[in-house]
Amino acid sequence: MNEIGSTRAFHFPGSYFMSEPNPANASPGRFRYTSRSPAERRSLRSYLLLLALAPLTLLVIVTAAFVWTQYNQQRETVVAGLRETARAFALAVDRELDADRAVLETLAASPLIDAADWRGFHALCIKLIEKRQDGAIIIMDLSGHMLANTGVRFGAPLPRLSPQLAHKTIDWEGRQLPVSNSLMLFESLASGRAEYGDLYYGRVGKRPAVAISVPVIRGGKAVYAIAISSTPRAFAKLLQQEPDSTHLDMLIVDRGGRIISSDTQPEKFIGRIAPGALNSSPAGIRDGIGETVMFNEQPFFYAYSRSSLSDWSIIAATPRERVIASIRRTLAPWVAAVLVVVAGGILFAQSIWRRVAMPLNVLTQGAEAIQRGEQHDIPASGIREVDTLSQMLRHASSTESARREEVTRRQLAEEREKATAEMADELRRSEQRYRSLFDNNFDPVFSLNGSGRFVSANAAAEHLCGYTLKELEQIHFLQLCVPELRNEAAQAFRDSLCRQCRDFETAMLRKDGTRIDLFVTGAPVIIDDEVVGVSCIGRDITERKRLTAELQQRVRELNDADRRKDEFLAVLAHELRNPLAPIRNAVEYLRMQGPQNSEVDWCRDIIDRQAAQMARLMDDLLDVSRITRNKVDLRKERVPLERMLAEALETSRPLFDGKIELIVNLPTEPVWLDADPTRLSQVFSNLINNAAKYTDAGGRIRINVERDDNQAVITVQDTGIGIAADLLPKMFDMFVQGAGTDRAQGGLGLGLTLARDIVQIHGGSIEAKSAGHHKGSEFIVRLPLADRFPEAENIDAEPGNDAFAAGRRPKRILVVEDNKNQAQTLARLLQLMGHEVRIADDGPSALEMLAEFTPDVALIDIGLPQMSGYEVARRIRDQLQSRHTLLVAQTGWGREEDLQRAREAGFDHHLVKPINHQLLREILDRTQTTG
């Protein structure tokens, strides 16, 4: 209870009441009372409560000790039950694992293994798996090759296993699982006994699994390993057999700490790492107990027992709340009785305090209220002394209240005047900031009223449009917009009035009539939640739009120039190929005549090499043009790398044959790629040509092919002049050539550029290395392997005897060519091959000749007079409907679109001049005669 005596003083009529620590200072007519220090004062209520609470406190202490004892006893009982449950389920898991081991040992004794009858063994295992309705069986030899797997059909490609696979993981529903149980199989082979694996991700079944492996012993040695896998589902069913499963959480945890199965929601917990305490049981201890926090962040009591076979931990856990709830039910009546006794004692002390001390407490509250300046009604207590003191307090309260009201009124008036002055000052500063921002903005800023007329505009806006603010106030903003853009500007204005911020482009006419392009941002002006106008900020974009238009015009001009360049290159190649064609024909004719004198043969070889070089230069120019514009269409197919290398070596053979030693190292098995064989043959040919070009006679070129993970790596090394260090980073740029001024075959410097671009569009990479000048060079090409290897096939199959016989028969050949030199040299070359040849110099002559001469093959030039080669091909097809004549286009046009036009016209083949005579022979050899 609050004390009456204090250091405060109150004045009453005719008397003075105060605390007086020193009675000597008191004057007559005063009531003196000496108070104790705060530490010595105690309320009456405190003493009454202490009297009642002393025995109640002892009762509470005894009750708490009893509850704690009951809790410990109940905990020991529950933990003992958990331990027994964990041991029982550990035995059950061992029985399941032992049953699987017995099945595997039975399979290991099967005579099908001794007979290497893997198909029969696969069928036997399938029957066992069908009875189990779960899992898979595999058998592996000592090298890691899987011989049978019930998860896939027999005969399907099976991967090779290695111990390293067990260390790789895969993300399964946010949980990291090993991708293989291969380590268990190899351990079984090494130990000669059954091995039990941990949880892993089954790649065939696409779900987690566990496995057991036993060795197949023959002659006292392990020769195979058999494994059977099971999904965690079987263990979940086993755990769910616990009759008290509603109060227990059962888990099986492998040696790596991953949860194999649980009795509730197994799919939610499989593969997750068990909580720390469950995952860190000491090695060598078979069982134990403890307390941990589970996945739901709730404390659990648990017991674990290790499997004697697999060393897995079988864990039984129950919430700690279950133990507490059991004690709560047992002790609830007793605790309730104690609480009733305590409450009764407190209520009894409270009632005594009310009867004795309540009037004094009310009087104290009244005195405190008067001190705070509040009105307080003190009711009559029926006690004379207390009522007299109450009257004095009421009188003092009235006097103090009047004084406080006057002080409060003056303070409010002063605060109101100060706040008004501060608001006026802040308003003035805010207006100055806005005006400074408005006037000093370099962009035009203006505002419109609700009807679209100007209300304000800064100096930048006046300067931009050429009008003063007074002139603008008489103008509607749409009058400044050009007519064709007024509708868009009006719509933007309406949108802003609807409380939308709009960005739009428009154009306006200045006072002097000049046009200005603007980018305008409009926003609504809102006062008292009402839109009264629109505020706009503009930006002059006239120069930007002019530059944009100039840039677009420049782009169009560059595109036109690029197109004209492509057309020029195509025409140039066509015009250069036409005179090369009879030259190559004549050289081939001389070669087929047999050896002449050495001088003639020397001249013939020079002409042949230079003509071939010129043809390659033209092809490189056109290929670079197409690749740089991404106009190359790859015709990908599943093709062996060895075949493309063979074609490249055959093409490049004249450059190194008899002069440079060539060493080719290929893997024992074919390397398959998804690639355009023609383009990749061109890459390898360019690299081999480059090596031969810069390697002196007597040097060496080495070509290595190997696999590196999922890539094929092709290396071309030479002992030539090497590459300078400053040139190495630029080797694949266009028109870059190595130092070799004493060499006649410089080229255009496009071969390596083509090689890089073709390799890159195949998804690969190429790099150049060199130790320096005269130390040789090395080019490394990396290409992605095909996703899967095709079934075994004969990639080097030769034509049958019938095909060779057909190829040796003479053919009837029609040559349609307006260039007489080309026609005559080609005809004589074909006649020398043993064929019957007719020549027509234009389309109509060729069609007339069909009446008396039905050709097996027609070689048709495209650029014929009177009638194009495409039209000639169509008419030959129409005229010879009952016979099949092979139509071959021979032309100087070699673009992709030219090849497509030839196909659409009915041509079977498209040969670019100068004709590749070896390819022509192959086409003729595959053609059947019409007679």
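Every position in the sequence shown, counted from 1, becomes a number in our numbering once 56 is added. Note that beta-carbon positions come from the ideal geometry of N, C-alpha and C, so glycine has one too.
Reference A272; option with closest CA among E347, F325, L168: It is worth fixing the name first, because residue 272 is Val in this sequence and not Ala. Answer by Cα proximity: L168.
Which residues in the same chain have their Cβ closer than 7 Å to the Cβ of D596, if we skip the five residues on either side of it in sequence? The answer, listed in chain order, is L520, I572, L574.
Between the alpha carbons of V260 and A292, how many angstroms are there, rounded? Computed Cα separation, rounded: 21 Å.
Residue ranges of each beta strand (DSSP E) within the stretch 230 to 291, 3 or longer: Runs of the beta strand (DSSP E) spanning 3 or more residues and lying entirely within the stretch 230 to 291 occur at 231 to 234, 256 to 258, 263 to 274, 277 to 286, in chain order.
Beta-carbon contacts of N857 that lie in its chain and below 8 Å, excluding the five residues immediately before and after: Summary for N857: the model assigns pLDDT 38, below 50, so the residue's position carries little reliability; its value from the coordinates is reported in the next sentence. In the same chain as N857, and ignoring 5 residues on each side of it, no C-beta atom comes closer than 8 Å to its own.
P331 and T348 - do their beta-carbons sit closer together than 8 Å? T348 is a Cβ neighbour of P331, given a cutoff of 8 Å.
Only counting the same chain, and skipping five residues up and downstream in sequence, which positions put a Cβ closer than 7 Å to that of L239? Result list for L239: P219, A222, in chain order.
Do three or more CB pairs link the stretch 892 to 901 to the stretch 866 to 880 at distances below 8 Å? In short, these stretches touch, since the Cβ pair count reaches three.
Grab me the residues of F145's own chain with a C-beta within less than 6 Å of its C-beta, minus the 5 sequence neighbours each way, in chain order. Within the same chain, F145 has close Cβ partners I370.
Short Cβ contact (8 Å threshold) for S826 with G832: In this structure, G832 lies closer than 8 Å to S826 by Cβ.
Give me the Cα-Cα distance between G191 and D254, rounded to the nearest whole angstrom. Pairing G191 with D254, the inter-Cα distance amounts to about 15 Å.
The beta strand (DSSP E) spanning T881 covers which residue range? Secondary structure note for T881: it is in no beta strand (DSSP E), and the uninterrupted alpha helix (DSSP H) holding it is 876 to 888.
Using three-state DSSP, classify H830 as helix, strand or coil. Three-state DSSP puts H830 in coil, outside helix and strand.
So I169 is in the alpha helix (DSSP H); what residue range does that whole segment cover? Here the alpha helix (DSSP H) through I169 covers 167 to 170.
So L528 and F510 are supposed to be a Cβ contact under 8 Å. How far apart are they, rounded? Right, the Cβ-Cβ distance comes to about 4 Å (below 8 Å), so this counts as a contact.
Would you call the stretch 910 to 923 in contact with the stretch 936 to 955, where contact means no fewer than 3 C-beta pairs closer than 8 Å? These segments touch.
DSSP bridge partner residues for D573 (one or two, in chain order): BP columns for D573 point to A563.
Just tell me which of L888, R957, T881 has its CA closest to the CA of K867. Taking K867 as reference, the option from L888, R957, T881 with the minimal CA-CA separation is L888.
The stretch 952 to 959 touching the stretch 973 to 983, judged by at least three CB pairs closer than 8 Å: They do not touch, by the three-pair rule.
Assign T48 to one of two classes, buried (16 or more other C-beta atoms within 10 Å of its C-beta) or exposed (fewer than that). The structure shown does not extend to residue 48, since the chain is modelled only from 57 to 987, so the question has no answer here.
Using a threshold of 8 Å, state whether the C-beta atoms of I284 and I193 are closer than that. For I284 and I193, yes; Cβs fall inside 8 Å.
Identify the continuous alpha helix (DSSP H) that holds C592 and give its terminal residues. C592 -> not in any alpha helix (DSSP H); beta strand (DSSP E) instead, spanning 586 to 596.
So F533 and L504 are supposed to be a Cβ contact under 8 Å. How far apart are they, rounded? About 6 Å separates the Cβ atoms of F533 and L504, confirming a contact at the 8 Å cut-off.
Could one say the Cβ of P111 lies closer than 8 Å to chain D's Cβ atoms, at least one of them? Within the model displayed, chain D is absent; a lone protein chain is all it includes.
Check R88 in the structure and name its three-state DSSP category. A caution first: R88 carries a pLDDT of 48, below 50, which makes its placement in the model unreliable, though a value can still be read off. Note: R88 maps to coil in three-state DSSP.
When DSSP labels each residue in this structure, what does G578 get in the three-state scheme? Note: G578 maps to strand in three-state DSSP.
Which residues share a DSSP beta bridge with G346? The beta-bridge partner set that DSSP reports for G346 consists of Y358.
Does the stretch 752 to 766 come close enough to the stretch 718 to 732 that 3 or more CB-CB pairs lie under 8 Å? As far as the Cβ criterion goes, the stretch 718 to 732 touches the stretch 752 to 766, which means the pair count is three or higher.
N464 by DSSP, collapsed to three states: which one? For the sequence presented, residue 464 should be read as Thr rather than Asn. Residue state for T464 is assigned as helix, using DSSP reduced to three classes.
Endpoints, beta strand (DSSP E) assigned at L722: Looking at the DSSP string, L722 is not in any beta strand (DSSP E), and its letter there is neither H nor E.
Strand pairing of C554, partner residues [DSSP]: Among the bridge pairs identified by DSSP, C554 is matched with none.
Given C557, which residues of its chain have a CB within under 6 Å of its CB, disregarding the five upstream and five downstream residues? Around C557: A579.
Tell me where the alpha helix (DSSP H) around D752 begins and ends. Taken as a continuous stretch (DSSP letters only), D752 belongs to no alpha helix (DSSP H), as it is neither H nor E.
Contact check, C181 vs L198, beta carbons under 8 Å: For the 8 Å CB-CB criterion, C181 and L198 do not form a contact.
What do you get for S269, buried or exposed, if any count of 16 or more other CB atoms within 10 angstroms of its CB means buried? By the neighbour-count rule (16 or more Cβ atoms within 10 Å), S269 is buried.
Do you know how far the Cα of D813 is from the Cα of L839? Approximately 13 Å between the Cα atoms of the pair.
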